[in-house]
Amino acid sequence: MSFNSGNKNVNDMIIASKNNRKNAKDFLKWIESSRLKVLHELDRGAFGVVHKVRWYKRNYTDTVAVKFFHDDREFLREFTNIHRMIKRCSSEDDTISEKNLVHYYGATYDYDNEEYGIVMEYYSQSSLSNYLYKKWKKIYWEERLKILRDISYALYILHDQDLVHGDLHSGNIMIDDDKDDPNIAWIGDLGFCREEENEKKYDGFRGVMAFMAPEILKELPYSKKADIYSFGCIMYHVSTNRAPFYERAHNRRLMRQISEGLKPTIYQDDEIPSCFESLMHQCWNFNPKNRPNACTLYNKFCDWIDDDERFEDVKWDTIKPVKKSDYHRETNYMSQTWIF
């Protein structure tokens, strides 16, 4: 073995990933920190900090993102989930990235701060949340539909392998409109990705409350249809440029209200096509069994992109997002662990 991560489980996963790879790109490597130069911070969450990093390879440099973890156990949990996701979702014909899932290069260790890190693809526009806020004047309906098409396709890939994302929200959808690529959106933060639950395994839940399905807040098992509910919240954000429940404190009261069926507010002057709004409400159906599946969503967005007459009257109009000062001071769109 030409490397040593300092953790036997990590070593074993990296070796297995390389030996069992299905194409030339989708496998995990050990990347020495001496080849990485941190440029600046991109994002900060409850479980770690994401930095923009320059990676010095043999003959060239590359720009990547690295998530460094405060807790070794959290790193191992997420790295294990990513290893499983790549093993199941990668194929000989298509890479993970071509399936609208963020590409992961491998792991590293920062000896100065004594933190493990996961190295992944860098996306120029960062998250969907940032993209909507910064470029709302330039985002028309055709592009909104393409973003949702890409997300629904990635969800289909995960669900087809009996995996759930487990923490789907606008902050972990990566956007890059600079690539020479027909795709624009990729699902990231796949460290929570896991097998669909048949029974509740943990006390509490992890994620962003405002994007969580009612049944999860009732401590029921996490299913594919919980991801679909979260997708409906992303549809809301994409169509209104308002994060769900921006005007409310994200506390136990909101948790209870969502569990009882409260949905994000749609105002009368929101320019949302009726067909789009109807699909969004289907994703929010209180009964998970009545929500559409990811394949149905993907096909619907493909149809709308090919025949967008119903969006003709509104696709050149944009909705100005609320100011950050309009957000309730107790909103929290950072993934975290909630204990009941």
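Residue numbers (full-length UniProt numbering): 1 to 340. All residues carry an ideal CB built from backbone N, CA and C; glycine is no exception.
- Residues H169, S230, C233 of the same chain have their beta carbon placed closer than 6 angstroms to that of F211, with the five preceding and five following residues left out of the count.
- Take M120, set aside five residues on each side of it, and the residues of its chain with a beta-carbon closer than 8 angstroms to its own are V64, A65, V66, K67, V102, H103, Y104, Y105, G188, in chain order.
- Between Y116 and F69, the gap from beta carbon to beta carbon is short of 8 angstroms.
- Per DSSP, the beta-bridge partners of L36 are W55.
- Shown here, E115 sits in a strand according to DSSP, grouped into three states.
- A direct Cα-to-Cα measurement between K25 and D12 gives close to 19 angstroms.
- The alpha-carbon separation between R21 and F27 amounts to approximately 6 angstroms.
- Annotation: the segment 262-337 contains the following complete segments of the alpha helix (DSSP H) (minimum length 4 residues), in chain order: 274-283, 294-306.
- Separation of E219 and T331 (C-alpha to C-alpha, rounded to the nearest whole angstrom) is 22 angstroms.
- Taking a contact as a CB-CB distance under 8 angstroms, the pair I173 and L132 does not count as one, their CB atoms being some 10 angstroms apart.
- Note on D167: 16 or more other CB atoms within 10 angstroms of its CB, so buried under the neighbour-count rule.
- Residue pairing by DSSP places I82 in no beta bridge whatsoever.
- Relative to E260, the option among D269, F286, S274, H83 whose CA is nearest is F286.
- Uninterrupted beta strand (DSSP E) stretches at least 3 residues long and entirely within the segment 4-48 occur at 36-44, given in chain order.
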